[in-house]
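Residue numbers (my numbering), protein chains in the order written: chain A, 9 to 289; chain B, 690 to 993; chain C, -4 to 419.
Below: one structure, written as structure tokens.
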């Protein structure tokens, strides 16, 4: 049949015009996406003056920039603080949100469905609207300038709850039924059956939540008061707002600050893609 | 469910009640947190939106804030800007992400892993980083203009940050750069879920690539597209960071967003919390309406 | 179920340990002064110097100097003040002068009344005026943003202009010179950001005028000084001698890279001007041009900030004593910060000091800080009011229509309407 012959010819022969176009297109897109990072790396090796004048070649100032950065910012402290907030925050968010998503999906009833719809609405509220009352709450219980205050409001993230609920739709209930028959309590079923079988969902959520805590700025800015609690984003911001900002140092700092999220993403991207699959229904 | 009762191995109350209370157990922690940290502040600020004043000194103003809002030229400009972003950026980004995803879905393409990472990378950058970057790249004698001049696309440098039209274009470019990869991942994952046999059948019937895309891929991806579209709508309507850090809302309020204006009313001008709360509620209503419309348009059941 | 609750409780307790840790440290002990400020190279560094000097006199006092971006300091201060909770507030905070009245009138009672504690006649009068509300003075004046015009002698000479041509001129003359310089040398006379109305403020201030009239009402439309300022700025922007830039980096980059021959702004730009070592010896200082209206002088101000003490401070007496000993007494301190950071204080007795008399080789031996001190004393006193930023925003939003040749009067009417709406 003529179609099959065409197919065979394509499979054996030269790439089709479509494929060439695909390559060109995707290479251009990737170049656009990558270019700013390249520019950042170049910037980190140059003196501030050269960076602000747009120099495109590598310079010799990498070590100087690092030395200056070290003088201006307490790097170990800031990284430690950010890591603590991020790791603790990610752990609790995954725990609470996945349980909620699981709970909403597996034990449906009319009241909770309404509640769920209401929760989704809260996603639409801009942060500016709740910022001040939120601040007052923490001030009243004397938890200002603490990492708890930074983490707590973000733990029950409705987006993550939504994501887990969607993913749970593709989770087979038979497994839980079997667990019940075997004598496991509901909680045990959750931890011993559900969690292990949803690994890629957790991985995908972990990446997103991690990034969100690592890059958070406005709320920590408002709540944290002292130098010993400083986070990466706050430190970058104060470096950038100087009468004489040192752009080489800032670029270097940004690269250092972004590396952990990059590393995590690289390491987990297979699970990430797999996890996204689960929610795409 | 009878099996459980009969098994006798587990002691449970009636299944319906058990079902109910277990359900509550799982969601309670999240609900409490949301209640304290979202609902309560929202109600509190809703009440605040009927008051006006300076700083710590305020008084009840009834609907006065809303009257002021309707005559507020900056607010109206911010509203216009936000809608421009919504109307142009969201569709462009979705179409771009769909195209990239379908290109990357082609098993004949090599280095797909590399391309995937490269395109997702912008989503991982911190906000401060990417605004510093874009601001310097799009300066009058910045990188982008120099390249455009070098390849003779334009005769004069484009005043990205100084011209009302180009500044909006810049914001749209920045947003697209930042978020396309994110949406692409969703689409790609969903596409990989589509059985190749559909495409085979279509090809045998004589459909070309574009038709396959239009009649197979897009309909099957409808739920994901809806999801990303609603997420993007919410994100664009609440847009703040780009307006704040790249263009500063300028030139002359040409790019300011509603959230940025709220920020100004709270922190840059003499603080008026009541008025800021009023403006925030405008965003809430707009988002709610637009999300609702999108759900209805695709004829989909709400989230479940 | 019980196990679950127990686990959760245990986790919460563990976490609360981290929160509790700080509270203990804040218990009774030696006095501790917390200070909020921005710019690690300028304000923060200067405070560190002040702290070292004070600790030499009073070793028992501890300091915590917290460094954040300027906008962040303002945000945090506002949120703390507005929540009505004083625990999170510092003892001393740096506030930009344009903002002072906004804070003082929005949060009466939050700031310490320092009227009796300092001899304000020793500070530049315009600084004292802006921190005085209802007859009470609240802050300690810090750096001045006294304005001047730094210019490249060599470029101007190449175009046929001498130093005397830059002295005591009007903006109109400045624009003329600019066009000649650009035509002859290809170098722009100056660089400005069309979206930034900072220079408009400078022009207004040099004429003793402001966005508001004596009663605090918006005075944009029908204000001849305002009209002159805005029209002059538009003329400057549209002049071929002016390079258009956007953002700080580009603006400073213009003079560092030699693309612009002058820079007219506050004295705090000195550090950035000197950043390009290869240009040493080529720069000089002239007074800032004046607006072509009666009563205008060749002196103005852009920026500048002051230190304020919070009323809720637990170490208030110590904080006030600290500010007094260093900022209101230590002349040597002021010399040091001038030399090290280029900071010009507003403490008049210090301005006769040795550092102010230094002939800087970068400026061809000119004693620039003496010039600046002289300019500073001529700065007209103006009350900024609480709504400077709203006014700024209103003006910035109508500037494009004026650049495009639209009517100044109409634009100002629109700006006035916007401003009135903003301050309801």
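Glycine included, C-beta positions come from ideal geometry on N, C-alpha and C.
**Request:** Starting from the C-beta of residue 333 of chain C, find all residues in its chain whose C-beta is less than 7 Å away, skip the five residues before and the five after it, and write them out in chain order.
**Result:** 339, 350, 351 and 364
**Asked** Given a limit of 7 Å on CB to CB distance, which residues of the stretch 192 to 207 of chain A reach chain B?
**Response** So the list reads 194, given in the order they occur along the chain.
**Message:** For chain B, check one thing: does any of its Cβ atoms lie closer than 8 Å to the Cβ of residue 242 of chain C?
**Reply:** yes
**Asked** Would you call the stretch 923 to 936 of chain B and the stretch 899 to 910 of chain B touching, i.e. three or more CB-CB distances under 8 Å?
**Response** no
**Message:** Measuring only the C-alpha atoms, how far is residue 181 of chain C from residue 270 of chain C?
**Reply:** 23 Å
**Asked** In three-state terms, what does DSSP make of residue 405 of chain C?
**Response** helix
**Asked** Can you find a C-beta in chain A that's less than 8 Å from the C-beta of residue 122 of chain C?
**Response** no
**Asked** Can you name the residues of chain C whose CB is closer than 7 Å to the CB of residue 140 of chain A?
**Response** 74, 77 and 78
**Asked** residue 262 of chain C to residue 204 of chain C, Cα distance in whole Å?
**Response** 21 Å
**Prompt:** With a cut-off of 8 Å, does the C-beta of residue 943 of chain B fall near any C-beta of chain A?
**Reply:** no
**Prompt:** Beta carbon of residue 90 of chain C, beta carbon of residue 28 of chain C: below 8 Å?
**Reply:** no
**Message:** Between residue 284 of chain C and residue 169 of chain C, how many whole angstroms is the CB-CB distance? I'm expecting something under 8 Å.
**Reply:** Their Cβ separation, rounded to whole angstroms, is 4 Å, which keeps residue 284 of chain C and residue 169 of chain C in contact under 8 Å.
**Prompt:** Candidates A:216, A:76 and A:137: which alpha carbon is nearest residue 730 of chain B's?
**Reply:** A:137
**Message:** At the 8 Å Cβ level, is residue 120 of chain A part of the contact set with chain B, yes or no?
**Reply:** With 8 Å as the cut-off, residue 120 of chain A counts as an interface residue toward chain B.
**Item:** Residues that DSSP places opposite residue 92 of chain C in a beta bridge
**Value:** According to DSSP, which records beta bridges pairwise, residue 92 of chain C is partnered with nothing at all.
**Message:** To test your reading of the DSSP string, which unbroken alpha helix (DSSP H) runs of 4 or more residues are found completely within the stretch 805 to 846 of chain B?
**Reply:** 816 to 826 and 832 to 839
**Between the CA atoms of residue 851 of chain B and residue 835 of chain B - distance to the nearest angstrom** = 17 Å
**Message:** Is the separation between the beta-carbon of residue 812 of chain B and that of residue 868 of chain B shorter than 8 Å?
**Reply:** If you check the CB distance, residue 812 of chain B and residue 868 of chain B come in under 8 Å.
**Prompt:** Near residue 381 of chain C, what residues of its chain come up, given a Cβ to Cβ distance below 6 Å and the 5 sequence neighbours on each side ignored?
**Reply:** 96, 97 and 100
**Asked** In the structure shown, what three-state DSSP assignment does residue 54 of chain C receive?
**Response** coil
**Message:** Any beta carbon of chain B sitting closer than 8 Å to that of residue 20 of chain C?
**Reply:** The predicted model places residue 20 of chain C with a pLDDT of 41, which falls under 50 and marks its position as unreliable; any figure quoted below should be read in that light. So, not an interface residue.
**Prompt:** Closer than 8 Å, CB to CB, is residue 723 of chain B near chain A or not?
**Reply:** yes
**Prompt:** What does residue 761 of chain B reach in chain C if we use C-beta pairs closer than 7 Å?
**Reply:** 416
**Prompt:** Which residues, in chain order, does the stretch 253 to 283 of chain C contribute to contact with chain B at a C-beta distance below 7 Å?
**Reply:** Going along the stretch 253 to 283 of chain C in chain order, one finds no residue with a Cβ nearer than 7 Å to chain B.
**Message:** Can you find the residues in the same chain that come closer than 8 Å, C-beta to C-beta, to residue 20 of chain C, ignoring five residues on each side of it along the sequence?
**Reply:** In this predicted model, residue 20 of chain C has a pLDDT of only 41, less than 50, meaning its place in the structure is not dependable; the value taken from the coordinates is given anyway. Cβ neighbours of residue 20 of chain C beyond the five flanking positions: none.
**Asked** With DSSP run on the structure shown, which of helix, strand or coil describes residue 298 of chain C?
**Response** When DSSP states are grouped into helix, strand and coil, residue 298 of chain C belongs to the strand group.
**Item:** Opening and closing residue of the beta strand (DSSP E) in which residue 27 of chain C lies
**Value:** 27 to 32
**For residue 419 of chain C, the first and last residue of its enclosing beta strand (DSSP E)** = Looking at the DSSP string, residue 419 of chain C is not in any beta strand (DSSP E), and its letter there is neither H nor E.
**Request:** Go through its chain and collect everything with a Cβ distance to residue 154 of chain C's Cβ below 7 Å, but skip five positions before and after it.
**Result:** 175, 176, 179 and 180
**Message:** In this structure, how does DSSP classify residue 271 of chain C when only helix, strand and coil are distinguished?
**Reply:** coil
**Message:** Determine, for residue 136 of chain A, whether the minimum Cβ-Cβ distance to residues of chain C falls below 8 Å.
**Reply:** no
**Prompt:** If we cut at 8 Å on Cβ distances, does residue 147 of chain A have a partner in chain C?
**Reply:** yes
**Contact set for residue 180 of chain A: own chain, Cβ-Cβ below 6 Å, skip 5 residues either direction** = Apart from the 5 residues on each side of it in sequence, residue 180 of chain A has no Cβ closer than 6 Å to any other Cβ in its chain.
**Prompt:** What does residue 230 of chain A touch in chain C if you count any residue whose Cβ is under 8 Å from its own?
**Reply:** 70, 71 and 74
**Message:** Using only the alpha-carbon positions, how far apart do residue 303 of chain C and residue 134 of chain C sit?
**Reply:** 5 Å
**heavy atom of the ligand NAD below 7 Å from residue 894 of chain B C-beta** = Of the ligands one can find in the structure shown there are none, so the ligand NAD has no counterpart to examine.
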